[in-house]
Each structure stands twice: as structure tokens, then as C-alpha cells.
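Notes follow once the structure below has been shown.
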Amino acid sequence: MARSTADIRQAFLDYFQKNQHQVVSSSSLVPADDPTLLFTNAGMNQFKDVFLGTDKRSYNRAVSSQRCVRAGGKHNDLDNVGYTARHHTFFEMLGNFSFGDYFKEDAIRMAWEFLTVTLGLPAEKLLVTVYHEDDEAFAIWQQKIGLAEDKIIRISTSDNFWSMGDTGPCGPCSEIFYDHGEHIWGGKPGTPEEDGDRFIEIWNLVFMQYNRSADGTMEPLPKPSIDTGMGLERISAILQNVHSNYEIDIFQALIKAAADVVGTTDLSDKSLRVIADHIRSCSFLICDGVMPSNEGRGYVLRRIIRRAVRHGYRLGADDIFFYKLVSALSSQMGDAYPELTEQLPVIEKVLRVEEEQFSKTLDRGMNILNESLKDIEGSVIPGDLVFKLYDTYGFPADLTADVAREQNYTIDEDGFAAAMAEQKARAQKASNFGTDYNELLTVEHNTEFTGYTCVSDTASVLEIIVN
Ligand code: ATP
Ligand code: MG
Ligand code: MG
Ligand code: MG
Numbered sequence: 001m002a003r004s005t006a007d008i009r010q011a012f013l014d015y016f017q018k019n020q021h022q023v024v025s026s027s028s029l030v031p032a033d034d035p036t037l038l039f040t041n042a043g044m045n046q047f048k049d050v051f052l053g054t055d056k057r058s059y060n061r062a063v064s065s066q067r068c069v070r071a072g073g074k075h076n077d078l079d080n081v082g083y084t085a086r087h088h089t090f091f092e093m094l095g096n097f098s099f100g101d102y103f104k105e106d107a108i109r110m111a112w113e114f115l116t117v118t119l120g121l122p123a124e125k126l127l128v129t130v131y132h133e134d135d136e137a138f139a140i141w142q143q144k145i146g147l148a149e150d151k152i153i154r155i156s157t158s159d160n161f162w163s164m165g166d167t168g169p170c171g172p173c174s175e176i177f178y179d180h181g182e183h184i185w186g187g188k189p190g191t192p193e194e195d196g197d198r199f200i201e202i203w204n205l206v207f208m209q210y211n212r213s214a215d216g217t218m219e220p221l222p223k224p225s226i227d228t229g230m231g232l233e234r235i236s237a238i239l240q241n242v243h244s245n246y247e248i249d250i251f252q253a254l255i256k257a258a259a260d261v262v263g264t265t266d267l268s269d270k271s272l273r274v275i276a277d278h279i280r281s282c283s284f285l286i287c288d289g290v291m292p293s294n295e296g297r298g299y300v301l302r303r304i305i306r307r308a309v310r311h312g313y314r315l316g317a318d319d320i321f322f323y324k325l326v327s328a329l330s331s332q333m334g335d336a337y338p339e340l341t342e343q344l345p346v347i348e349k350v351l352r353v354e355e356e357q358f359s360k361t362l363d364r365g366m367n368i369l370n371e372s373l374k375d376i377e378g379s380v381i382p383g384d385l386v387f388k389l390y391d392t393y394g395f396p397a398d399l400t401a402d403v404a405r406e407q408n409y410t411i412d413e414d415g416f417a418a419a420m421a422e423q424k425a426r427a428q429k430a431s432n433f434g435t436d437y438n439e440l441l442t443v444e445h446n447t448e449f450t451g452y453t454c455v456s457d458t459a460s461v462l463e464i465i466v467n
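The numbering of the sequence shown is full-length UniProt numbering, which starts it at 1 and goes up by one.
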């Protein structure tokens, strides 16, 4: 029997605990005290101040399975969902961390031992990258681990050099890839075909080695540190003998649940993958206190919900359906994240209300778009149509883009931007309260979320949504 995703998560935590790492719970998707970050997007986020030396802990080794969302900001995988085998908006990042304790050799040795001994992956399926100047990492892989030279690829791009920001800790990375086999399109890292899904990146080992100052000079850190991140869904796919993350246990259950509620039987439809992905990000975001709104984080959440709803509509859903998937999700992930089960009624209610509010807009927008597509010559949807859909009918431009891509159209982005600019000028003339939706994605402030107080009270949920 293949290992379950839950079992792999536990095996990771156990392995590093056995190697003197403190097990630390996942932090919220809403980063604490970091207004520069839209959502938690890596395991190291909650340890940022420990790496910077401004926060001290009672341990100098940690391990975690961190919930992450990459749907906005610097890392945005929203448009990859449904198109690649390996990207989600929500995923779990397994990570081990050394705060000035062990460094390169131990990090590489433990990663290799975990993969090839604990999980039993065949070494010949693995290959690694190192930063082109990092001879030290190259030598460890070659001499201590025994990898052949042609399995160690030197990469000169920023993919293999990590920095926390323009200044501060930074250093080279070494990434571990798994070869899913010749039958899948894609080339080795560092080749033009590397974006294919044959060689899938599973684990990134970051060697925090330097401190970069404002003038660009890099001084060695007195106590170098380690930050690693491995996608749980990607390692699960390998151990469950499937190629795509969407074929692992958790996703198969969600895809089946989604097919049931929208009333389709073709389990391979891309829209089911999108819905299965989006129910995870939307549920966990709401669980962590984000509410659909027209600003900041809430606006990103709203757009993800609307995308999911649009994909359900595409599959023929004839009733509100998205909220019905929360219970399936909680059956899959509630053991690892009990807060999900605790917040289930709130999550369902928020999703239901949001979908109800949006369904009329969606119906009308889709009708207009489909009718207009019949009259369009060529493959470009004019900017003023995208704008009209958005401005007059409340149909978000990124939804139009999503539909367009599916049907091999592109949208005239310049024309759309020009129509937006014109409208902005008009609005500014008319009042001082013009809203620029392109500027809504900045995060202005942080609110600490301390939990819902009235879980069963519909009125309070509605209030949260309206406010
Ligand atoms: P990719 O090149 O495949 O987009 P990445 O280089 O952006 O991945 P990192 O920032 O290095 O990813 O994150 C560490 C690990 O987290 C990756 O090696 C991968 O296993 C996992 N990961 C990253 N992004 C995603 C995602 N959108 N969905 C699922 N897993 C992800
Ligand atoms: Mg990426
Ligand atoms: Mg990468
Ligand atoms: Mg990477």
C-alpha cells in the first residue's frame, strides 16, 4: 500500500524530531507582523526574526509542516493551477531549519537520508542543482553523498540564490528534483524545457550564508543558517506512484466530491482540479480570518472563490455548490488541522453567501461574453469589452482572462488598461472618491485574528462580510 499524505507529513516531522529538531506548528496564512507579505508562502516566514537574530528561541533546530498560499504578491501560482501537475494555490511546505546551528553538509546529508532511506526513493531518479559558484555544495553532493557529476547541475540564475530582501541574509540554494520518466514532456533544470513536468522540483535547501548591505556587498554571516522547503503534495505524488499532485489521495477525494456536487462524471476535467485546489485555499484562508472583500487579502480570496464558482458553472452546476466541499476537505485534512473542523460552519456560511451574491453576476457576464465571442474576429478579446463586463456587469477581468485562455483567446490588456484609465479620470473629475481596483492589492495593515466568537450566528458572519 502506498503511503498516505498524512503518513508522509508525520514521517517528516518524526525524522527531524529524531534529529533533535523542535516540532513547531504551522503558523497562520495571515503573516503576523509582516505587512510586506500578502500570505504566508514558505515555512521560514514564521522564523524570519529568528534568522535575523532579533527573536531568540529555546531551540536552534526546528521542523514544521507549514500551510502556504501562493496566489498573489511575489509568488503567484494562481494561473498555473489546472495547467501544471505540480502547482497549487494552497499547499503544505515541509521544512527543517537551523538557526546558526548545523550547515550545508548536515542539511544535505539529512535531506538525502530522509528521501532515500526513510522514504526509500531510488537514488537514480533524483538529481540536484547547486548555485554555479557554490563549489562547496557541489563537492558535498559528489564526495559525501556519492552523486555522479552529471546529476549535479550548476545553475547561475536567482532560482538558486535566495535573499530575504534587498538587504539582509542571503545565500545559495541546492534543489532536489525527481525524474518522473521519459514519457513526460520536460527537460532538466537549466535547459529551455525545464518548465515541463518531467523533472519536478521537490525540495529546496537554502544556505543562508551572507549578509548583504545596502551597497550590495556581501559579508559572511558569523553563524550561517539553514532553511528548507519541500512540497508535501509533490513528495506524496512520487510515493503514491502518480505523476500529478492532483492524483494523490487528498486531491482524488476532493475531485470526486466536486464531481458529485456539480454533477459531472469526467474526473479528468481541468475544472475539477481548479475547484479542488481552490476549496483548500479558500477554506484555509477563511479559517485564518480572511473574509471576502474588495481590498487586500480579502480581494484575493474573493477572486479565488469566483474562479472556483465559474469553473463549477462551466461543468454545468445548476445550484450553489462550492460550500458543499468544505466537509470533504475537513475529512481529509481535519486531523492535521483541527481548526478547520472547528471553523467548518463559518467557512461554509461565508462561501455560501459569497457564491449566492456572485451567481447572478456570473450568469449575466458569461452570457454576454459568450454572445460577444461569436462576433469576434481573430483571437483577441477587445479591451473595451473586458472593461464593460467588469465595470457595468461586475464580471472581474481575471475571470474573463481565465475564460479567454481556455478558449484560446487572449485579452487586449493595453486596451483594458486604457479604458480603466479613462474611467479613473472620469471618476476623479466627478468626485474625490475614485477607486482604482488595480491598486487594491496592497496590504495596508495587519490585524491579529483571534478566532471567531459567534460561529453559529449568521448575522455576525454577514456583518464581517459587509464590513
Ligand atoms: P516551482 O519552480 O516548481 O514553481 P519554486 O521554486 O517556486 O517551485 P520554492 O519557492 O523553492 O518553489 O518552494 C519550496 C518547495 O515548495 C518547492 O520545491 C516545491 O516542492 C514546493 N512548492 C512551491 N510552490 C508550490 C506550489 N504552488 N504548489 C505546490 N508546491 C509548491
Ligand atoms: Mg514557483
Ligand atoms: Mg523552482
Ligand atoms: Mg525552488
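All C-beta atoms in this analysis are idealised placements derived from N, C-alpha and C, irrespective of residue type, glycine included.
May I have the straight-line CA-CA distance separating residue i from residue j, to the nearest angstrom?
i	j	result
His183	Glu348	41 Å
Gly168	His87	29 Å
Gln110	Asn60	Sequence inspection shows Met at residue 110; the Gln mentioned does not correspond to that position. Straight-line Cα distance between these residues: approximately 16 Å.
Ile238	Thr116	12 Å
Asp402	Val130	36 Å
Ala42	Leu362	34 Å
Lys324	Arg352	9 Å
Glu133	Met93	27 Å
Glu201	Ala425	46 Å
Pro172	Asp260	46 Å
Asn294	Arg302	8 Å
Lys223	Val386	53 Å
Phe114	Ala11	9 Å
Arg212	Val206	15 Å
Ser379	Gln332	41 Å
Ser25	Gly95	11 Å
Would you mind reading off the limits of the alpha helix (DSSP H) that contains residue i?
i	result
Trp112	104-113
Asn370	344-375
Glu406	397-406
Tyr15	5-18
How far does the beta strand (DSSP E) with residue i in it extend, from its first residue to its last?
i	result
Lys223	218-231
Ala62	61-69
Gly171	168-179
Leu301	Counting along the chain, Leu301 falls outside any beta strand (DSSP E), though it belongs to the alpha helix (DSSP H) covering 296-314.
Of the residues the options, which one's Cα is nearest the Cα of residue i?
i	options	result
Trp203	Pro192, Thr191, Ile176	Ile176
Val274	Lys151, Leu254, Met230	Leu254
Glu342	Tyr102, Gly289, Arg364	Gly289
residue 474	Ser281, Asp266, Ser359, Gln46	Since the first and last residues shown for the chain are 1 and 467, residue 474 lies out of range.
residue 554	Ser271, Trp112, Val30	The displayed coordinates of the chain run from 1 to 467. Any statement about residue 554 would go beyond what the structure contains.
Gly383	Phe416, Thr410, Phe358	Phe416
Ser174	Asp166, Thr191, Ile155, Arg70	Ile155
Cys287	Ser330, Ile320, Asp319	Ser330
Ile250	Ile226, Ser327, Ile376	Ser327
Please go through the same chain and pick out, in chain order, the residues whose beta-carbon is closer than 7 Å to the beta-carbon of residue i, but skip the five residues on each side of it.
i	result
Asp269	Leu315
Glu136	Lys104
Ile140	Lys104, Glu105, Ile108
Val50	Arg57, Phe99
Ala258	Leu272, Ile275, Ala276, Leu325
Gly434	For Gly434, the pLDDT reaches just 39, beneath the cut-off of 50, and the residue's location in the model is therefore unreliable, leaving the point undetermined.
Leu221	Pro169, Met208, Gln209, Tyr210, Asn211
Ala123	Thr116
Got a sec? Which residues, its chain only, sit under 8 Å from residue i by beta carbon, not counting five neighbours each side?
i	result
Phe199	Leu127, Phe177, Tyr178, Asp179, His180, Gly186, Gly187, Lys188, Pro189
residue 469	Since the displayed the chain opens at 1 and closes at 467, residue 469 lies outside it and no answer follows.
Using a Cβ-Cβ cut-off of 6 Å (strictly less than) and excluding sequence neighbours within five positions of residue i, which residues of its own chain qualify?
i	result
Gly365	Leu389, Tyr393, Phe395
Gln240	Ala2, Ile248
His75	Asn41
For chain D, is any of its Cβ atoms less than 8 Å away from the one on residue i?
i	result
Cys173	Included in the structure is just one protein chain, with no chain D present.
Could you name the residues, in chain order, whose CB is less than 6 Å away from a heavy atom belonging to ligand 1?
Here the residues come out as Arg70, Asp77, Arg86, His87, His88, Phe91, Met93, Glu201, Ile202, Trp203, Asn204, Gly229, Met230, Gly231, Glu233, Arg234.
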